[in-house]
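In the numbering used here, the protein residues as written are 1 to 330.
Pasting the structure below:
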């Protein structure tokens with residue numbers, strides 16, 4: 001969220017607190033204004049503002065580099081259009097935070113979430129025990145928590161807390177319409193294991209770089225990937241349910257629950273073999289989602305090892321880029 005741009009006041013606890021308070025106050029006012037707009041208009045406005053800011057930020061070099069690795073067949077103009085779309089999508093997500101209650105409203109005359117089951121159904125997900133829901137930073141990924149708890153009955157979601165404690169409190173209050181429990185990623189594996197043993201499903205994002213993680217191919221290049229979903233499935237026998245979000249238009253979404261996976265040792269396999277095979281299958285699922293809507297992928301952090309990305313020519317001298325409208329067809 002705001003950590004994309006704010007680094008905080010290092011070296012002084014008092015200055016840090018003052019910076020946090022100022023940041024939270026500004027965002028509180030901004031979100032208050034956004035709340036006054038209709039949902040779709042707020043989503044569009046947030047997208048345009050963040051697109052303008054993001055394309056001029058230092059983080060844009062990571063967005064461009066990640067997209068070059070994922071889509072080596074795209075020319076530079078297409079890559080920059082995708083980057084513009086990625087920033088616009090992030091702005092829409094931030095604007096939609098204050099409208100989560102409206103987006104998830106069951107009695108709305110204009111339903112904003114279309115839930116699709118592929119290779120599974122709500123009955124089996126509830127009946128056959130807790131699930132490990134994995135998703136990626138696509139469209140408005142926050143909504144996976146809402147659909148996950150509806151499909152599975154209960155859900156504990158793992159997330160990265162904001163460094164700014166005031167902002168963290170604000171964000172968690174706005175997440176209340178999602179109706180699930182959130183756990184910080186510190187000691188998350190233990191918390192997830194306990195949740196599954198209590199019969200509660202868990203949800204986590206599986207598309208991010210995990211420093212020190214296992215190298216598993218992602219878009220054809222080894223990437224530090226989380227093996228946590230595979231490990232939990234192997235140890236508990238729980239199914240891994242891939243869930244992804246697509247932005248159809250403005251603040252209207254399709255959320256698809258795909259065919260479940262299960263980490264199991266094949267004949268002659270070790271636990272490590274099963275973990276790697278299952279994690280590779282998860283990465284392939286995420287690749288398919290991103291290929292379908294690359295302009296909706298949040299990739300502001302370097303995804304692959306830096307030496308490999310540099311060797312592939314992913315990082316190039318920054319060039320100025322004029323604002324570009326989100327182009328889903330890019």
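Glycine residues also receive a C-beta, built at the ideal position from the N, C-alpha and C atoms.
- Taking the Cα positions, residue 125 is about 11 Å away from residue 259.
- In summary, residue 24 is buried, with 16 or more beta-carbon neighbours lying within 10 Å of its beta-carbon over all protein chains present.
- Taking each of 314, 301 and 297 in turn and checking the Cα distance to residue 88, the smallest one comes out for 297.
- The Cβ atoms of residue 278 and residue 205 do not sit closer than 9 Å to each other.
- Burial state of residue 167 is buried, judged by a 10 Å Cβ sphere holding 16 or more other Cβ atoms.
- No Cβ-Cβ contact shorter than 9 Å links residue 57 with residue 92.
- Contact annotation: residue 210 and residue 236 have beta-carbon atoms that are not nearer than 9 Å.
- For residue 254, the enclosing beta strand (DSSP E) covers residues 252-257.
- The shortest CA-to-CA distance from residue 313 to any of 37, 292 and 61 is the one to 61.
- Bridge pairing for residue 214: 225 [DSSP].
- Rounded to the nearest whole angstrom, the C-alpha separation of residue 300 and residue 83 is 10 Å.
- Two segments are said to touch when three or more pairs of C-beta atoms, one from each, lie closer than 8 Å; by this definition the stretch 34-42 touches the stretch 93-112.
- Under the three-state reduction of DSSP output, residue 246 falls in the strand class.
- In its chain, beyond the 5 residues on either side, 64, 67, 68 and 71 have a beta carbon closer than 8 Å to the beta carbon of residue 79.
- Here the C-alpha atom of residue 46 lies approximately 10 Å from the C-alpha atom of residue 30.
- For residue 285, the secondary structure class from DSSP, reduced to helix, strand or coil, is helix.
- Taking the Cα positions, residue 303 is about 8 Å away from residue 207.
- Note: residue 159 is bridge-paired with 184 in the DSSP secondary-structure output.
- Here residue 151 is buried. Its C-beta has 16 or more other C-beta atoms within 10 Å.
- By a beta-carbon distance limit of 8 Å, residue 246 contacts residue 293. Their separation comes to about 6 Å.
- For residue 102, the CB contacts under 6 Å within the same chain, skipping 5 residues up- and downstream, are 39 in chain order.
- Cβ-Cβ distances below 7 Å link residue 188 to 158 in the same chain, with the five nearest sequence neighbours on each side left out; the list follows chain order.
- Put simply, of 17, 22, 28 and 21 the residue whose alpha carbon is nearest the alpha carbon of residue 174 is 28.
- DSSP places residue 127 within a helical segment (H, G or I) once states are collapsed to three.
- Membership of residue 91 in any beta strand (DSSP E) is not indicated; the residue belongs instead to the alpha helix (DSSP H) covering 76-96.
- Per DSSP, reduced to three states, the secondary structure at residue 315 is coil, with no helix or strand assignment.
- Annotation: the continuous beta strand (DSSP E) that includes residue 115 extends over 113-117.
- If you draw a straight line from the Cα of residue 26 to the Cα of residue 49, it is about 15 Å long.
- In the three-state reduction of the DSSP assignment, residue 291 falls in the helix class.
- CA-CA distance, residue 85 to residue 107, rounds to 31 Å.
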